[in-house]
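Heads up, the sequence shown is in the UniProt record's numbering, so the first residue is 1 and it goes up one at a time. From the three backbone atoms N, C-alpha and C, an ideal C-beta is built for every residue, glycine too. This structure is a prediction, so every number in the text was calculated from the model and none was measured. A short worksheet on the structure shown next.
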Amino acid sequence: MRNLWVYFNNSESDLNIDECGIQTYDEVETYQYKVYQNYVLHLVVDGEGFFEIEGQEYRLSKDEGYIIRHSDDVLYYPNANNPWTTYWIGLKGDKLDEYLTGTLLKNEHVIKFHPNGKTQDVIKNICETTLKNESNLPNEFWYKSQLYLLFNYIKKEFSVKNTTNSLVSKELAEVAYHYIYTNYMNEISIEEVAEYLAVSRSYLYKLFKKKYSFSPQQFLLDRRLTVAASLLLTTDDTISAISQKVGFRDPLYFSKSFSNYYDLSPSKFREQHDYDSYLESWEKFGD
């Protein structure tokens, strides 16, 4: 159910709130279209849903959000078992790009809001105040004040400099590489690596792929399976024990992943290879 969807006619050309809305989805509501708006920031306040763009699907829940921009081809829909509720703010203006520069909201498709941050509070206030006063909306100066308050918090909470702890993109990718390289044996995920660096998973993916030409998820798998191959050839450990040592908690899933990677099961790999042949594969991801 669409609780609110209001468009604003503003004379100011530099920066404006173009629209705002609130929607509580039923389990079958799906939207797929080419975006005609300039820039719309969505906040998930309850439930779960899915957002697809550029061939990537993101599962989003409370305190997360997604951004759509003009000419994007998008698809989004709720989790049928736990439909989401979203708030959104549409923005436009000649200086919008300038105001977004230096923040994750400039290029990201999905973002994670700070649970105790102020950005989502302003979004909620704009939408809820509009809903309560839909027949007699606040004047444009109120919306303008909320808009500048919104960007004040965006600059603080989504600054690329703050988010990366002053690391440049190259250094951030290197830190992620080192973290995976040294923590592969733990039950880590790329989501956890991104949280460790205080960036979104999609932002980490872009930086990592640009620097190394493979994704952080692929590197984590490569690292685990390359070490597993070493252990198979240099120890008498059982396959189950090796799977635990390289971060797999399910030996069956480990065996399947290993077989897909090497075209041999762990036991066959142990029978048919020696340590010298293993070294060739290790060099790719060594120190």
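Can we say the segment 257 to 266 touches the segment 197 to 206, given the rule of at least three CB pairs closer than 8 Å?
With a cut-off of 8 Å, the segment 197 to 206 and the segment 257 to 266 do not count as touching, because too few Cβ pairs lie within range.
Is it buried or exposed for G93, if we count other Cβ within 10 angstroms and need 16 for buried?
One-based indexing of the sequence shown puts residue 93 at position 93. Buried, since its Cβ has 16 or more Cβ neighbours within 10 Å.
So, does the segment 19 to 28 touch the segment 74 to 89, judging by three or more C-beta pairs under 8 Å?
With the cut-off at 8 Å, the segment 19 to 28 and the segment 74 to 89 touch.
For E48 and L60, I'd like the C-alpha separation in whole angstroms.
For the purposes of this step, residue 48 is taken as residue 48 along the sequence shown, with counting starting at 1. For the purposes of this step, residue 60 is taken as residue 60 along the sequence shown, with counting starting at 1. Those two C-alpha atoms are separated by around 6 Å.
Rounded to a whole number of angstroms, what is the C-alpha to C-alpha distance between F219 and A229?
Start at 1 with the first residue of the sequence shown, and residue 219 comes out as number 219. Start at 1 with the first residue of the sequence shown, and residue 229 comes out as number 229. Rounded to whole angstroms, F219 to A229 spans 15 Å at the Cα level.
Under 8 Å, do A173 and L131 count as touching if we go by C-beta distance?
The count along the sequence shown starts at 1 and reaches residue 173 at position 173. The count along the sequence shown starts at 1 and reaches residue 131 at position 131. No, these two residues do not count as a Cβ contact at 8 Å.
What first and last residue would you give for the beta strand (DSSP E) that runs through P216?
Taking the sequence shown and counting its residues from 1, one reaches residue 216 at position 216. Note, P216: premise wrong, no beta strand (DSSP E); alpha helix (DSSP H) at 216 to 234.
Classify R224: buried if its beta carbon has 16 or more other beta carbons within 10 angstroms, exposed otherwise.
Taking the sequence shown and counting its residues from 1, the one referred to as residue 224 is at position 224. Counting Cβ neighbours within 10 Å, R224 comes out buried, since at least 16 surround it.
Under three-state DSSP, which class holds D287?
Your numbering for residue 287 matches position 287 in the sequence shown. Unreliable positioning characterises D287 in this predicted model, as indicated by a pLDDT of 42, which lies under 50. A coordinate reading is not provided.
With contact counted as at least three CB pairs below 8 Å, one residue from each stretch, are the segment 61 to 79 and the segment 30 to 37 in contact?
Yes, since at least three Cβ pairs between the segment 61 to 79 and the segment 30 to 37 fall closer than 8 Å, the two stretches touch.
Assign F254 to one of three DSSP states: helix, strand, or coil.
As a working mapping, residue 254 is identified with position 254 in the sequence shown. Three-state DSSP puts F254 in a helix.
Residue range of the beta strand (DSSP E) that Y25 falls in?
Indexing the sequence shown from 1 puts residue 25 at position 25. Looking at the DSSP string, Y25 is not in any beta strand (DSSP E), and its letter there is neither H nor E.
Counting beta carbon pairs with one atom in the segment 180 to 188 and one in the segment 239 to 252, are three or more of them shorter than 8 Å?
At 8 Å Cβ cutoff, the stretches touch.
Measuring CA to CA, which of E12, H114, K106, P138 is closest to K62?
As a first step, residue 62 is located in the sequence shown; it is residue number 62 there, counting from the start. For the residues E12, H114, K106, P138, the minimum Cα distance to K62 belongs to H114.
Nearest CA to the CA of Y196: which residue from K210, T101, Y177?
Against the sequence shown, residue 196 aligns to sequence position 196. It is Y177 whose Cα lies nearest to the Cα of Y196.
Does DSSP classify Y184 as helix, strand or coil?
For this step, residue 184 is matched to residue 184 along the sequence shown. If DSSP states are grouped into helix, strand and coil, Y184 belongs with coil.
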